[in-house]
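Each remark here refers to the structure printed beneath this line.
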Amino acid sequence: MSLTSAEGAQMTSDGGKLGVVFVHGFRSGPSMWDSFVELIANDPDLGFVSPLLFRYSTALRTFHPLRRIPTFDNVADSLKEYLDTEGREFQNLTLVSHSQGGLVVQRYLARMLNEGRGKDVSRIRRIVMFACPNNGSDIGLSLRRRWIPFNPQEQQLRPLDEQVTETQRIVINQVVNAAQISGHSCRIPIQAYAGETDKIVTPSSARSVFADAAVLPGDHFTIVRPDSRQHRSYTALKRQLTMAKSNGPPVETINTLKAETLEVHVAVSPGDAENAAISLTPYLTRAHDELLRQALKRAIDGGPSIFATLTGDSSTGKTRALYEALRKMAPDRPLLRPTSSDHLLAQIEGGLLVSGSVLWLNETQRFLYGSSGERVAAELRSRLERQNGVTVVGTLWTDPYWNELTALGVSEDPHGKARSLLTHPTLAVRIPVSAELSGEDRSRCKDLVQACGDSRLSQALDAGASDGRVIQHLSGGPELLRAFIDGPGIHFTPVEHAIISAALDARRLGHRRPIEADLLAEAADGALDPRHRSADPHWAVEALRALSMGARSDGTRTDIRNALAPLAPHFVRSGTPASYEPADYLDQHTRSRRADQLGSPSLWDALVEHAHDPDDLDRLADAAWKRGLYKVSFRLARKAILAGHPTASGDLVRRLNSTLDPKSLGLEWIASHTVLTDPATAARLISHFRASRARKALATLLNRDPGAHANLDDPFAVAQLIRSLMKNGTKGAASRLAARNPADYVTASDPRATAQLFTSLRKVDEEQASTVLDQLIAVSQGDTGAIAYRIGQLRSAGAIQEISRLLDLNPTSKVDLRNSGALAQLIGALRKNGAYDSLSVLLARDIVECVNLQDARGVIQLIAQLRQTGGAEETASYLALRWADHVDVRDPRLVAQLLREFRSLGASGAVAALLARDPINHVRVNSAYAVSELFSELRELGEYGAIDDLGNRLVSNMASRDPGAIASLLRVLQPAGADSAIAALLEREPEKQVRLGNAGDVAQLVKQLGAVSADSAIAALLEREPEKQVKLENPGDVAQLIRQLRAVSADKAIAALLARKPETHGSVTNARAVRRLIKQLRQAGAVQATATLTRRAMDSGAELPERYKTYGREADGLAADPWCWDQIFD
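Per this note's numbering, the sequence shown starts with residue 3, numbered consecutively.
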């Protein structure tokens, strides 16, 4: 029974129905169970039971020449298929058998366990066997042997049958006495019942080796034919079914778990912390709560599955919001809370994500980063796409986790599948959680305090009165941060502070797993001043205990409010040594503050020595490389490769240039030790070795036959490897890879990867290529966008004939005409491929009347495609005219785009119709940038009066004191020629009113005032001395301001700005912004400031000066002497 088939299960709020599968015996059938089924149906206590009657072929003999009697193995396989189909809707099952049926059930279990599929049978809660011939049956044995000698079922009913004995050995050891659920074991209670007067299967045979055995009244047949609900056979089965409903691993729900178990922060009063009650505060609902509950409702109601992610800063209430939403909406739904990406994969592959279940992914980055993260994302997305009713909830910090996981344009796209999952247009929803309470939120919070009298809420409200950061104060996060920032010797001892610093730096640099005690101890000890080192050999143990338990041996506290400790212990299992994680709030709010800390040499040494997780090692190697610690980076990368990281070698080969690896010994080592499971990495290595002419490394790699080891579940990567092998002239290796049937892993849901694999396979294996092509062509004939995309992919793959195969099905007569964007894509694809017959069929349909005019972008694309298609110009003009009467004229960008398309089409009637609706006085003018395109179109049309009117509306609407908004307005008005509007704006003297906090916005205002020759306004602005008021956190903004001050020769202002030392105050997390400020400091002649910021940039990994790029730096930051691979690795 494959639990992956349970994906369609419909689970009710009480945990779901119990499917009871009845398996009959020798020469019997489902009617044997009529008495049980009728009694169950009329028993209100068993309303949770759904009987399922399994039938299989059984007879004394068969005389039909084309039929045979199935063996137990055949019947067991038939039972598996029955459970996968008829039983697929049930999360919980019980198997009830009679006579030979018990042997069938046991044979099924043995076969599943032998195949390593123990997890697939875990939904079987209990097995009940009535009169099962576990030791065989003696009755009529000699006659049976004589009359039906070749009946395979009768043969296994004989005493001491070897296969039955072996099956029982497996069942007893790996089912009844199993200690855990694994591939080859799954604990399931088995109850055996014998008939008191049964002479066919004696009680001793029925009980056999099963400890849970009992005797019931009746013979071999009456034992399963109870005549009332008081019959002992029925009461026995009823008891077993009732236990089956609740036995096995208990189903966790949001109501059965403590909030702390789900990592919800429990607030403690900052006053009498020692005596404060540990409980949740009354909950204040906020804007994100309503959005979250709306998003979850569809899946909880059984509709399409959803992945809802709350994003924001640490300690802003994300986890609590998930907890409260589920408590309200899904209090009794089964809740899965995996502990790692591998655990989550096991749950997905085990079929546990069924309809009605909830998947709890707090700290979602734990599951989506690392070598397993992309596979998790792909598997989870696939399951959610195919399965309705699954609710997935998660949390992520916006920076860095959400931003990194969803970033576009990153080299090699390391999180492509995670991004596709998190930003999926229908499966996923992202809900930001504000770090501050709004004014309305604070007012309601005051009402809540008055209503409930909770002192913790009251104190947090007071503490966050100035900035709205109320939720953070509930956890004590700001107090913990202040205690750390105060430095050693105040709240924390020097030793404790050094350990916390080591933990924070290790986490910041990429060690995301819990950190081992030895690593923290060695890193901290090396960073300590010798005066603070301890003679006690157990100093680290005591310090770590104090930091994680909250109290020192003398009773003094290290935690905040007896609740929030700086380190959290983590145990792999009971009795194992602890590892540690820094408190979330401390981690997040020190990252920027400590970003320019290189990390002590002892920390890097400890990381090289003690880090062992392959993903951590790979991240640490990257962090070391960016900081110029080349030797450290190589050591960490080597460990990552040896630990089995599938892609670490790809980064290492790019960094191993001819200076650092003159003899190619490093490349040869990589070729010998890289795990070859990732086909994309293998392809990159082949290409790199060929390009660098590392023949020995290339030969070593190819001798290991990467195609034989590559995972096949990523068709795009497999296609890369096949192409690399073919380019290298090793067609045999490519053929062997193709012979592993990569086409079996292709799905129609990823046509781009499918097309790439087809292109590669057609050169080495036509049969496999044909199989892939079938998947590429497989598409719903009504799906407009999918057909257009497939045509494009087939064209890029050079499969021109196959496009004809697809179009021969005449999809253009069936496609949905409502989706204007998809329709535009299809018209373009047909035109590019010269498919004019299909295009004519499509254009003959009533596109204009059918298309959805609400999809503005799609309609614009459709008009553009129709305009480019010969013979469709009239349709384009008609569509434009129709749309001009319906379009929303409040959207300035949309109006501009329409005017542009109408002009290009020559549809003067549509232009006139649109302008007649007076968009100039209706468009929204709350954003100058949004109106800029409309100004351009009005200029093209010669509508200068409209330009003046629109410009004056913009100025009249501008009440902002934001210098950036004023600058944007000038930037739009000046090229539009809206001189009257510019004059009106300058008459309002914005330079005397704007706020001066944002350096970049002030710089832009200076620039735009200069563009309109408003020199007096610039002078008035500079008289307000913005250089003394702007914030210095953003180095890019400060760079802009220095540049603009230099442009207007404001030397005194530049000097005053530099005197505030922006090189030490600015964040160094944005590499591009840091480089811009370094450039401006250098051009301003600020030598010392340039050196200071350059050093901070190096230590943060933002910018490495050229003089260090050959040999890098030592762990202490000094320039490294010349070295090469074979000097540091013997």
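We treat Cβ as the ideally placed atom computed from N, Cα and C, and that holds for glycine.
From a predicted model like this one, the values you see are computed outputs, not experimental measurements.
Q. Any chance the stretch 349-363 sits against the stretch 425-443, with 3 or more Cβ pairs inside 8 Å?
A. no
Q: Go ahead and pull the three-state DSSP assignment for residue 24.
A: Taking the sequence shown and counting its residues from 1, the one referred to as residue 24 is at position 22. Note: residue 24 maps to strand in three-state DSSP.
Q | Stretch-stretch touch, CB-based, cutoff 8 Å, three pairs: the stretch 36-56 with the stretch 110-126 | A | no
(Q) Just to confirm before moving on: does the CB-CB distance between residue 584 and residue 509 stay below 7 Å? (A) Translated into positions along the sequence shown, residue 584 becomes position 582. Translated into positions along the sequence shown, residue 509 becomes position 507. Closer than 7 Å, so yes.
Q: Let me know if residue 633 comes out buried or exposed under the rule of 16 or more other beta-carbons within 10 Å of its beta-carbon.
A: As a working note, residue 633 is residue 631 in the sequence shown. That one is buried.
Q | Counted within 10 angstroms of its Cβ, other Cβ atoms place residue 417 as buried (16 or more) or exposed | A | In the sequence shown, the residue the question calls residue 417 occupies position 415. That one is buried.
Q. Anyone know if the C-beta pair for residue 723 and residue 685 falls short of 7 Å?
A. Locating residue 723 in the sequence shown gives position 721, where the first residue counts as 1. Locating residue 685 in the sequence shown gives position 683, where the first residue counts as 1. In contact: residue 723 and residue 685 (Cβ atoms closer than 7 Å).
Q: State the start and end residues of the unbroken alpha helix (DSSP H) segment that holds residue 671.
A: For the purposes of this step, residue 671 is identified with residue 669 of the sequence shown, where counting begins at 1. It spans 667-675 - the alpha helix (DSSP H) in which residue 671 sits, taken as one unbroken run.
Q.
Within the continuous alpha helix (DSSP H) that includes residue 104, where are the two ends?
A. The count along the sequence shown starts at 1 and reaches residue 104 at position 102. Looking at the DSSP string, the run of the alpha helix (DSSP H) that includes residue 104 is 102-116.
Q: Determine the DSSP secondary structure at residue 732, reduced to helix, strand or coil.
A: On the sequence shown, position 730 is the one that residue 732 refers to. In this structure, residue 732 counts as coil in the three-state DSSP scheme.
Q. For the stretch 880-911, which segments carrying the alpha helix (DSSP H) assignment without a break, of at least 4 residues, lie completely within its bounds, in sequence order?
A. 894-907
**Q.** Close-in-space but distant-in-sequence residues of the same chain around residue 250 (CB under 6 Å, 5 per side omitted)
**A.** Locating residue 250 in the sequence shown gives position 248, where the first residue counts as 1. In this predicted model, residue 250 has a pLDDT of only 48, less than 50, meaning its place in the structure is not dependable enough to derive any value.
Q) Are the stretch 552-566 and the stretch 612-619 in contact at 8 Å, needing three or more beta carbon pairs? A) no
**Q.** Three-state class that DSSP yields for residue 372 in the structure shown
**A.** Position 370 of the sequence shown, counting from 1, holds the residue named residue 372. Looking at residue 372 - three-state DSSP - the assignment turns out to be coil, as it is neither helix nor strand.
(Q) At the level of alpha carbons, what is the spacing between residue 824 and residue 1006? (A) Taking the first residue of the sequence shown as position 1, residue 824 is located at position 822. Taking the first residue of the sequence shown as position 1, residue 1006 is located at position 1004. About 40 Å.
Q) Thinking C-beta only, is residue 806 closer than 7 Å to residue 843? A) Here the question's residue 843 lines up with position 841 in the sequence shown. Here the question's residue 806 lines up with position 804 in the sequence shown. No, they are not a contact pair.
(Q) Please report the distance separating the alpha-carbon of residue 362 from that of residue 339. (A) Indexing the sequence shown from 1 puts residue 362 at position 360. Indexing the sequence shown from 1 puts residue 339 at position 337. Whole-angstrom Cα-Cα distance: 5 Å.
Q) Excluding the five sequence neighbours on either side, which residues of its own chain have a C-beta within less than 6 Å of the C-beta of residue 546, listed in chain order? A) Taking the sequence shown and counting its residues from 1, one reaches residue 546 at position 544. Result list for residue 546: 519, in chain order.
Q.
The alpha helix (DSSP H) that contains residue 573, what's its start and end?
A. Along the sequence shown, one-based indexing puts residue 573 at 571. It is not in any alpha helix (DSSP H) - residue 573 carries neither H nor E in the DSSP assignment.
Q.
Run through the DSSP bridge pairs and tell me what residue 94 is partnered with.
A. For the purposes of this step, residue 94 is taken as residue 92 along the sequence shown, with counting starting at 1. Answer is 20.
**Q.** C-alpha distance - residue 283 paired with residue 448, whole-angstrom precision
**A.** Translated into the one-based positions of the sequence shown, residue 283 becomes position 281. Translated into the one-based positions of the sequence shown, residue 448 becomes position 446. Their backbone Cα atoms lie some 13 Å apart in a straight line.
Q.
What does the alpha-carbon distance come out to for the pair residue 736 and residue 764?
A. Counting from 1 along the sequence shown, the entry for residue 736 is found at position 734. Counting from 1 along the sequence shown, the entry for residue 764 is found at position 762. Distance between the alpha carbons of residue 736 and residue 764 is about 11 Å.
Q. Shortest alpha-carbon distance to residue 560 belongs to which of 580, 627, 484, 626?
A. Sequence index remark: in the sequence shown, residue 560 carries index 558 (1-based). The option with the nearest alpha carbon to residue 560 is 484.
Q.
Helix, strand or coil for residue 960? Go by DSSP, reduced to three states.
A. Numbered from its first residue, the sequence shown carries residue 960 at position 958. Of the three classes helix, strand and coil, the one that applies to residue 960 here is coil, per DSSP.
Q. In this structure, what does DSSP give as the bridge partners for residue 432?
A. Taking the first residue of the sequence shown as position 1, residue 432 is located at position 430. Paired residues: 311.
Q. Going by DSSP, which residues form a beta bridge with residue 494?
A. The residue you call residue 494 lines up with position 492 of the sequence shown. Beta-bridge pairing links residue 494 to 490.
Q. Curious, which full-length alpha helix (DSSP H) runs of at least 4 residues does the stretch 829-857 contain?
A. 838-845, 849-852
**Q.** For residue 960 and residue 927, the rounded distance between their alpha carbons
**A.** Numbered from 1 along the sequence shown, position 925 holds the residue referred to as residue 927. Numbered from 1 along the sequence shown, position 958 holds the residue referred to as residue 960. If you take the alpha carbons of residue 927 and residue 960, they lie about 9 Å apart.
Q) Quick one: any contact between the stretch 525-542 and the stretch 459-470, if contact means 3 or more CB pairs under 8 Å? A) no
Q: Using 10 angstroms around the beta-carbon of residue 1120, count the other beta-carbons present and answer buried if the total reaches 16, otherwise exposed.
A: Numbered from its first residue, the sequence shown carries residue 1120 at position 1118. Classification for residue 1120: exposed.
Q: Kindly say whether residue 800, judged by its beta-carbon, lies nearer than 7 Å to any beta-carbon of chain D.
A: Annotation note: the requested chain D is absent from the structure, which comprises a single protein chain.
Q: Quick one: using the 10 Å Cβ neighbour count with 16 as the cut-off for buried, is residue 1051 buried or exposed?
A: Locating residue 1051 in the sequence shown gives position 1049, counting from the first residue. With fewer than 16 other Cβ atoms within 10 Å, it is exposed.
(Q) With H, G and I counted as helix, E and B as strand and the rest as coil, what does DSSP make of residue 803? (A) Position 801 of the sequence shown, counted from the first residue, corresponds to residue 803. Note: residue 803 maps to helix in three-state DSSP.
Q: State yes or no: is the C-beta of residue 719 within less than 7 Å of the C-beta of residue 681?
A: Position 717 of the sequence shown, counted from the first residue, corresponds to residue 719. Position 679 of the sequence shown, counted from the first residue, corresponds to residue 681. Their beta carbons are under 7 Å apart, which means residue 719 touches residue 681 by this criterion.
Q) At what residues does the beta strand (DSSP E) containing residue 53 begin and finish? A) Locating residue 53 in the sequence shown gives position 51, where the first residue counts as 1. Note, residue 53: beta strand (DSSP E), 51-56.
**Q.** Span separating the alpha-carbon of residue 137 from that of residue 193
**A.** Along the sequence shown, read from residue 1 onward, the residue named residue 137 stands at position 135. Along the sequence shown, read from residue 1 onward, the residue named residue 193 stands at position 191. Spanning the two alpha carbons is a distance of roughly 16 Å.
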